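Everything on this sheet refers to the single structure shown next.
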Amino acid sequence: MNTQSLKALFDSKGGYAALVLRVPVGLILAAHGAQKLFGWFGGYGLEGTGQWMASIGLAPGYLMALLAGSAEFFGGLALVAGLLTRPAALVSAFTMLVAIFSVHVSNGLFMSNNGYEYALSLFAVTLSLTIQGAGKLAVDNVILERAVGSKSGKPTLGR
């Protein structure tokens with residue numbers, strides 16, 4: 003990858019605000035993904051989630067549960083660490099759009115009616131992270147420093 007591409011992927015001016023968004027939303031997404039994938043935290047696991055997804059027209063249900071659960075679980079963990087933040091946030095944002103339009107939109111805005119307000123909030127945060135990147139205290143910063151520093155001849159971390 004060239005320096006320009008690396009900067010586009012890893013560089014961020016998000017500061018601590020991005021960190022404040024990344025960590026709790028990443029934990030929430032990872033927990034929801036764990037419900038779908040492993041049946042943790044009262045979830046139904048892949049089999050149960052897949053059956054439900056098929057019943058609402060997201061077929062094949064098992065594959066859709068695997069994709070949504072993986073996007074949430076692994077994407078959430080990546081957000082917490084600030085690792086490949088932009089791609090993880092983008093996949094998570096897309097997953098939230100699918101949830102909004104396939105499950106929640108017909109119920110209106112409010113969560114009390116199984117509406118889309120919560121998924122919309124997660125969509126807004128993940129879209130924001132897609133745009134601004136990881137911010138402070140992120141693995142992305144280490145990757146960028148090592149990659150760009152090594153190409154420019156500047157010292158890099160750990161050397």
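Taking our numbering, the leading residue of the sequence shown gets 3, the next gets one more, and so forth.
Ideal Cβ placement from N, Cα and C applies to all residues, glycine included.
From a predicted model like this one, the values you see are computed outputs, not experimental measurements.
Beta-carbon proximity list for LEU129, same chain, < 7 Å, skipping 5 on both sides: Its chain contains ALA95 as the residues whose beta carbon lies nearer than 7 Å to that of LEU129, once the 5 sequence neighbours on both sides are disregarded; these appear in chain order.
Inspect the beta-carbon positions of HIS34 and GLU74 and report whether they are closer than 7 Å. In this structure, GLU74 lies closer than 7 Å to HIS34 by Cβ.
N- and C-terminal bounds of the alpha helix (DSSP H) containing ALA10: Element bounds for ALA10: 5–12.
Count the other C-beta atoms from every protein chain shown that fall within 10 angstroms of the C-beta of VAL22, then say buried if there are 16 or more, exposed otherwise. With fewer than 16 other Cβ atoms from the protein chains shown falling within 10 Å of its own Cβ, VAL22 counts as exposed.
For THR5, count neighbouring C-beta atoms within 10 Å of its own C-beta (all shown protein chains included) and say buried if the count is 16 or more, exposed if not. Around the C-beta of THR5, fewer than 16 other C-beta atoms lie within 10 Å, and the residue is accordingly described as exposed.
Here's a check: name, in chain order, each residue in its chain whose Cβ is nearer than 6 Å to the Cβ of MET55, leaving out the five neighbours to either side. Short of 6 Å from the beta carbon of MET55, and not among the five residues preceding or following it, lie these beta carbons of its own chain, in chain order: GLY63, MET66 and ALA67.
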